[in-house]
Structure formats: C-alpha cells, structure tokens
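A.B. asks: My questions will all concern the structure given below.
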Amino acid sequence: MSLFWRIFLLNAVVLVLAAAALLLGPVTVSTPVLFTEAVVLSGGLAVMLVANAVLLRVGLAPLDRLTRAMTTTDLLRPGPRPTPTGHGEIARLIRTFNTMLDRLEAERGDSAARALSAQEAERSRVARELHDEVGQTLTAVLLELKRVADHAPPTVRDELRQVQETTRGGLDEIRRIARRLRPGVLEELGLVSALKALTTEIAGHSGLSVRRRFDGHLPDLGNEVELVVYRVAQEAITNVARHASAGHLDLTLSHDRDRVDLRIRDDGRGLGDSAEGSGIRGMRERALLIGAGLTVHSEPGGGTEVRLRVPIPTRSS
C-alpha cells in the first residue's frame with residue numbers, strides 16, 4: 001500500500017468513527033447551538049485531531065529516522081545503517097537509501113585508492129628526481145667549491161667555506177624531504193624501524209621530546225597496510241610538530257589477537273573548536289582503504305590523541 005493511501009485511510013477511519021459517534025450517539029446539534037453541544041463537539045474534534053496526529057506520527061516515524069540518518073551520514077565515518085522498518089514505500093525508501101550508501105562508499109573507496117596510489121607514485125618520482133638529479137648536482141657543486149676553495153686566496157677562502165656549508169645544508173634538507181616522500185627505511189627494514197627513524201628526525205628538527213613503545217613480535221601486515229600506518233603516523237606527528245605547540249609526544253604500536261593499535265598522543269593545545277582539516281580527512285581516507293578505524297580525540301589544553309585500529313589480515317591457507 002502506498003504512502004498516499006495509508007494516510008488517506010487513516011484519516012478516513014478517524015472521520016468515519018467520528019461520523020458514527022455523531023449519528024448513533026446521543027449527541028445532537030440544535031439551532032442555535034447550545035453551549036453543552038459546542039463543548040461536546042469541541043471535545044470530539046480535539047479527540048479526532050489527537051488520534052490523527054498519533055497515527056501519523058507512528059506511521060511516519062521511519063521517515064524521521066531516515067531524515068536524521070541523511071543529515072548525519074559521513075562517508076569517512078561509516079556507521080550503522082537505518083533499519084528498514086515500516087511498510088510499503090517507506091521500507092523501500094530506507095532500503096534504497098542503504099543501497100545508495102553502500103554504492104557511494106564503494107565508489108569513494110575505489111576513487112580514494114586510485115588517488116592515493118597515484119599520490120604515492122608521484123611522491124616516489126619526485127623523491128627519485130630530488131635524490132638523483134638535484135642531489136647529484138648539489139654534490140658536484142660541493143666538490144667544485146672545495147676545489148676552488150683549496151686554490152683560492154685566504155681572503156676568499158672563508159667566504160667559499162660559508163657557501164659550502166650553506167650548500168651542504170640545502171643538500172641535507174633535500175635528502176630529508178626525499179626520505180619523507182619515499183620512506184626507503186620502510187621498504188628495507190620494516191614498519192618499526194621506519195617509525196623510529198621518523199620520530200628521531202622530527203624530534204631533531206622540532207625539539208619535541210618523543211617517547212616510543214613497540215610491542216615485540218608484531219604480525220606481518222603487508223606492504224600496503226604498513227604504508228598506511230606509516231603515513232598516518234607521519235601526518236599525525238607532523239601536525240603535532242607544526243601546530244600543537246607541544247613539548248612531549250608518545251607513540252605506541254601494540255597488538256593483540258586480531259588487531260594492531262597505533263597511538264600518538266601529545267600534550268599540546270588540542271584541536272579546540274576548529275573543523276577537521278585536510279590532513280585528518282586524508283588519514284581517515286587511508287584508514288578506510290585497509291578497513292581500519294581512526295579516532296581523533298582532543299581536549300582543550302589537554303593535547304590530542306590519534307588512534308588507528310588496524311585489523312590483522314587473515315592469511316588463507
């Protein structure tokens with residue numbers, strides 16, 4: 001039965017019952033209308049309106065739940081689907097909405113995976129060019145400066161030495177950027193070594209005091225999952241160094257029977273009332289790609305905690 005006919009029949013039932021009560025009951029209407037008759041009719045009308053409102057509220061309650069779900073749905077934070085309660089068109093509408101959400105989440109996941117894959121490929125290309133082209137060029141410049149400085153008069157030699165140091169600092173910075181773009185330590189030595197190198201580098205440049213704890217015998221997560229964990233940790237730690245005004249940072253990588261937990265907590269100023277930026281949304285997109293859950297908890301003046309819960313991949317025998 002369509003929604004139109006359901007509402008029509010609900011109103012028809014109320015009106016028929018009211019007409020039957022008026023025809024078969026002791027109530028009559030005089031001309032002019034007596035006060036008692038007006039009271040009875042007013043009370044009957046009030047009863048009709050209340051009964052109609054209750055019936056409509058019960059019948060349209062699933063639509064209210066669907067409206068709330070539509071206004072609160074976030075594809076980056078998948079939640080439970082609204083239950084397809086009700087009958088006829090309402091239940092079909094809720095099922096259609098759930099199907100649409102499934103399709104949108106799948107399409108967003110595919111597009112995000114392609115975008116992040118392209119981003120990683122571009123990062124690797126830029127890192128290689130920085131290392132192979134710019135790095136080698138600056139290395140050649142350093143060697144030439146050394147050769148010139150060795151044969152230069154003393155008045156010019158000191159200035160050439162300063163240029164050497166500036167060039168060497170630029171070369172070190174380029175190498176650091178290349179390492180962040182393409183974490184070779186992650187590919188060669190694994191996730192724990194890459195996280196240690198990342199925190200050591202951040203601490204050296206930002207002055208953060210970093211405390212690390214890694215569980216022993218971490219399960220093999222696979223290259224794709226380890227890259228996501230590393231990128232989430234990299235983004236979170238970079239945000240702390242740049243924006244949190246923190247002095248201490250704790251990084252924990254632990255595991256239990258079915259998942260690996262990454263926790264990064266600082267003692268900075270917290271997120272406050274500011275909306276989530278592109279960095280956090282990027283972390284959420286990466287977490288969705290591997291079926292992980294990401295939570296960002298912050299208290300004003302109490303720091304921020306980023307937690308990534310990664311399910312351990314099952315190995316088919």
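Residue numbers are given in full-length UniProt numbering: position 86 of the sequence shown equals residue 86, and the series is strictly consecutive. Don't be surprised by glycine CBs; every beta carbon is placed ideally from N, CA and C. These numbers were taken from a predicted model, which means no experiment stands behind them.
Rounded to whole angstroms, what is the Cα-Cα separation between Leu93 and Val310?
C.D. replies: 34 Å
A.B. asks: Closest to Gly303 by C-alpha separation, out of His131, His248, Ala194 and Asp110, would be which residue?
C.D. replies: Taking only the C-alpha atoms, the option nearest Gly303 is His248.
A.B. asks: In the DSSP assignment, find the alpha helix (DSSP H) that holds Asp102 and state where it starts and stops.
C.D. replies: Glu89 to Glu129
A.B. asks: Count the other C-beta atoms from every protein chain shown that fall within 10 angstroms of the C-beta of Asn239, then say buried if there are 16 or more, exposed otherwise.
C.D. replies: buried
A.B. asks: Helix or strand or just coil, what does DSSP make of Glu299?
C.D. replies: strand
A.B. asks: Relative to the alpha-carbon of Leu15, which residue among Val47, Ile90, Ala61 and Ala236 has its alpha-carbon at the smallest distance?
C.D. replies: Val47
A.B. asks: Give a yes or no on whether the C-beta atoms belonging to Leu116 and Leu271 are separated by under 9 Å.
C.D. replies: no
A.B. asks: In angstroms with no decimal places, state the Cα-to-Cα distance between Ser124 and Arg179.
C.D. replies: 10 Å
A.B. asks: In the DSSP output, which residue or residues are listed as bridge partners for Thr200?
C.D. replies: Answer by DSSP bridge pairing: none, since Thr200 is not bridged.
A.B. asks: Using C-beta distances below 6 Å, list every residue in its chain close to Gly268, excluding the 5 sequence neighbours before and after it, in chain order.
C.D. replies: Ala244, Ser245, Ala246 and Gly303
A.B. asks: If Pro80 and Leu66 are in contact, beta carbons under 8 Å, what's the gap, nearest whole angstrom?
C.D. replies: Pro80 to Leu66, Cβ: 13 Å. No contact.
A.B. asks: Under a three-way DSSP split, which group does Thr73 fall into?
C.D. replies: coil
A.B. asks: Straight-line CA distance for Gln119 to Arg108?
C.D. replies: Answer to the nearest angstrom: the Cα atoms are 16 Å apart.
A.B. asks: List the whole-angstrom C-beta distance separating Leu208 from Ala241, where the pair is believed to meet the contact cut-off of C-beta under 8 Å.
C.D. replies: 6 Å
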